[in-house]
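>
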Amino acid sequence: MYDVIIIGAGPGGIFSAYELTQRCPGLKIAVFDAGHSLERRRCPIDGVKVKSCIGCKPCSIMNGFGGAGAFSDGKYNITNDFGGTLYEYIGREKALKLMHYVDEINVRYGGGGTKMYSTSGTALKTLCMQNSLQLLEASVRHLGTDINYVVLQNIYEALKDKVSFFFDTRVQKLCRTERGYVASYEGGTAESRACIISVGRSGSKWMESICDQLQIKTKSNRVDIGVRVELPAAIFAHITDELYESKIVYRTKKFEDNVRTFCMNPRGIVVNENTNGIITVNGHSFEDEAKKTENTNFALLVSKHFSEPFKDSNGYGESIARLSNMLGGGVIVQRFGDLERGRRSTKKRIEESTVHPTLAATPGDLSLVLPKRVLDGIIEMIYALDRIAPGTANDDTLLYGVEVKFYNMEVELDENLETRHEGLFVIGDGSGVTHSLSHASASGVYVAQCIAKRLAAGVASHEG
Ligand SMILES: Cc1cc2nc3c(=O)[nH]c(=O)nc-3n(C[C@H](O)[C@H](O)[C@H](O)COP(=O)(O)OP(=O)(O)OC[C@H]3O[C@@H](n4cnc5c(N)ncnc54)[C@H](O)[C@@H]3O)c2cc1C
-9 MYDVIIIGAG PGGIFSAYEL TQRCPGLKIA VFDAGHSLER RRCPIDGVKV KSCIGCKPCS
51 IMNGFGGAGA FSDGKYNITN DFGGTLYEYI GREKALKLMH YVDEINVRYG GGGTKMYSTS
111 GTALKTLCMQ NSLQLLEASV RHLGTDINYV VLQNIYEALK DKVSFFFDTR VQKLCRTERG
171 YVASYEGGTA ESRACIISVG RSGSKWMESI CDQLQIKTKS NRVDIGVRVE LPAAIFAHIT
231 DELYESKIVY RTKKFEDNVR TFCMNPRGIV VNENTNGIIT VNGHSFEDEA KKTENTNFAL
291 LVSKHFSEPF KDSNGYGESI ARLSNMLGGG VIVQRFGDLE RGRRSTKKRI EESTVHPTLA
351 ATPGDLSLVL PKRVLDGIIE MIYALDRIAP GTANDDTLLY GVEVKFYNME VELDENLETR
411 HEGLFVIGDG SGVTHSLSHA SASGVYVAQC IAKRLAAGVA SHEG
């Protein structure tokens, strides 16, 4: 019998565990994760023997201690403008306060030497406005993939004697009992008074089944679709040197859709991402000077919001990603010049390009994959960005597709991020409330504080 079971050891789960150990030392806490412990997480893609995803189970990029964030670029954006809607549940001020608190912990556990950037009052903001672009407000701590890993290692060291970790242990079932919750996994069960579910994007299908089983309402109506752009770092240097990560939004003239930049990686690399067997594209960058490349990459995404009767926005995104996997065997890469001329990129054209791809993707034609409305929006945005970063619309700019940002269905939660079942909390990306490291982490701290308050008052759940 545990006091609290946490399902998922991504940023949400880790920060819940951390905060519970701080607030209630001696509490019996178990954390289950379907993936490996941090040191055992290794993606076999080495670019030589293994060039593309071979579908490991569990996937070391998405699963294990550190969650999907473990090998991420470690950009902790402190803002209510993007990265989730936590503020809708707990208020803007509280959400920002918790994100700053998470930042303090990251700094204390190894992120001390890293830089915090801020967009407010910058010349770029004005330049964007003058060119029909909007720069969103944020402070961003860039840990980098390497320091992010060190921070995770240090947090694990601090937690491992206070929390029971079960790695390579996928929770299969979760049942409500009179005393609380019972989680079943291969070879055993664990019972607790309270349960925090933090299963991220990779656990979205499982989350859906748990919501069905426990009759928790959900909704799903959004997906973001687009490409990852890769170009010489010099073209974006005046932006990335000052801000590192800038979220820029453009409203297209043709369809009045919003297109936005997402996940900017100065002098970084483009990588594959495997979500439930579908290969999409993403990006990384490193703090370590030796690992930096000559290219910068970022995503351009178009948000699609669906209305009734269509409910399966992720299914729509998956179908488009599957199409690119079907045509390219994985991710497709195309020169912007080829896209504009209505022809596919070939191996030869990519080799002759002045931009050297950092991901071995299949040369192809993205216009055969992306819906016209999305593609037109991306092309318009590339020309808009060309006005603030001349060279963006060069023929040799590389576009990788598809990048899909799946949004987990939103789980019906109250202001404590608690379901209709007392003592059952859902946090992080798996709840649909967050889509980022800092929001997911902050939601973990928040729920831990709720539980700690209840325990101090003598009850783990309302029923106790
Ligand atoms: C390549 C990449 C780069 C990224 N870069 C950034 C970035 O720079 N900045 C940013 O803000 N965000 C970034 N993100 C997104 C960020 O990583 C996520 O928003 C964040 O990790 C969400 O945290 P989470 O705890 O909610 O879920 P996750 O990190 O997804 O963790 C969920 C965990 O739950 C486990 N799990 C799932 N189902 C079960 C089950 N049934 N039983 C047991 N365990 C289960 C999984 O194994 C996983 O470890 C990136 C994502 C990727 C993939």
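The opening residue of the sequence shown carries number -9 in our numbering; numbering runs sequentially from there.
Note that beta-carbon positions come from the ideal geometry of N, C-alpha and C, so glycine has one too.
Here the structure is a predicted model, which means the values were calculated and not measured.
Please state whether DSSP places K65 in a helix, a strand or coil.
What you label residue 65 is simply residue 75 of the sequence shown in a count that begins at 1. Correct three-state label for K65: strand.
> State yes or no: is the C-beta of S431 within less than 9 Å of the C-beta of M106?
Position 441 of the sequence shown, counted from the start, is the residue given in the question as residue 431. Position 116 of the sequence shown, counted from the start, is the residue given in the question as residue 106. Not closer than 9 Å, so no.
> Here's a check: name, in chain order, each residue in its chain whose Cβ is nearer than 6 Å to the Cβ of A(-1), leaving out the five neighbours to either side.
What you label residue -1 is simply residue 9 of the sequence shown in a count that begins at 1. Contacts found: V21, D23, F55.
> Would you call the stretch 245 to 252 and the stretch 359 to 372 touching, i.e. three or more CB-CB distances under 8 Å?
Contact between the stretch 245 to 252 and the stretch 359 to 372 is present, because at least three Cβ pairs lie under 8 Å.
> Please classify I(-4) as buried or exposed, where buried requires at least 16 neighbouring CB atoms within 10 angstroms.
In the sequence shown, residue -4 corresponds to position 6, counting from 1. I(-4) should be labelled buried.
> Should Y373 go down as buried or exposed, given a rule of 16 or more other Cβ atoms within 10 Å for buried?
Translated into positions along the sequence shown, residue 373 becomes position 383. Classification of Y373: exposed, given that the 10 Å Cβ count is below 16.
> Since S182 sits in a beta bridge, which residues does DSSP pair it with?
Position 192 of the sequence shown, counting from 1, holds the residue named residue 182. BP columns for S182 point to Y(-8), Y171.
> Note down, in chain order, each residue of its chain lying with its Cβ closer than 6 Å to the Cβ of N272, except the 5 sequence neighbours on either side.
Here the question's residue 272 lines up with position 282 in the sequence shown. If we look at N272 and ignore the five residues flanking it on each side, its Cβ neighbours are V261, E263.
> Going by the DSSP bridge assignment, what does D165 pair with across the sheet?
Within the sequence shown, residue 165 is the residue found at index 175, counting from 1. Looking at the sequence shown, residue 165 is not Asp but Cys. In DSSP, C165 forms a bridge with V172.
> With three or more C-beta pairs closer than 8 Å as the rule, is the stretch 86 to 104 touching the stretch 123 to 139?
In short, these stretches touch, since the Cβ pair count reaches three.
> Which value, in whole angstroms, describes the spacing of the CA atoms of I310 and V359?
Position 320 of the sequence shown, counted from the first residue, corresponds to residue 310. Position 369 of the sequence shown, counted from the first residue, corresponds to residue 359. Each residue's Cα considered, the two are about 6 Å apart.
> As an exercise, report each continuous alpha helix (DSSP H) stretch of at least 4 residues that is fully enclosed by the stretch 320 to 391, in chain order.
Runs of the alpha helix (DSSP H) inside the stretch 320 to 391: 326 to 331, 337 to 342, 362 to 378.
> Using C-beta distances below 7 Å, list every residue in its chain close to I378, excluding the 5 sequence neighbours before and after it, in chain order.
The residue labelled residue 378 in the question sits at position 388 within the sequence shown. So the qualifying residues of the chain are L117, C118, N121, L123.
> Please go through the same chain and pick out, in chain order, the residues whose beta-carbon is closer than 6 Å to the beta-carbon of M52, but skip the five residues on each side of it.
If you number the sequence shown from 1, residue 52 lands on position 62. Closer than 6 Å at Cβ, skipping near neighbours: A58, S192.
> Alpha carbon to alpha carbon, how far is G454 from K18?
Numbered from 1 along the sequence shown, position 464 holds the residue referred to as residue 454. Numbered from 1 along the sequence shown, position 28 holds the residue referred to as residue 18. Here the model assigns G454 a pLDDT of 36, short of 50, so the residue's position is not dependable, and the following value carries that caveat. Each residue's Cα considered, the two are about 16 Å apart.
> In whole angstroms, give me the CA-to-CA distance for R444 and I259.
Position 454 of the sequence shown, counted from the first residue, corresponds to residue 444. Position 269 of the sequence shown, counted from the first residue, corresponds to residue 259. Each residue's alpha carbon lies about 45 Å from the other.
> Under three-state DSSP, which class holds A113?
For the purposes of this step, residue 113 is identified with residue 123 of the sequence shown, where counting begins at 1. Three-state DSSP puts A113 in a helix.
> Please determine, among E198, I145, L313, L375, the residue with the shortest C-alpha to C-alpha distance to Q162.
In the sequence shown, residue 162 corresponds to position 172, counting from 1. Considering only alpha carbons, the answer is E198.
> Does the beta-carbon of A438 have 16 or more other beta-carbons within 10 angstroms, so that it is buried, or is it exposed?
Position 448 of the sequence shown holds residue 438. Per the 10 Å Cβ criterion, buried.
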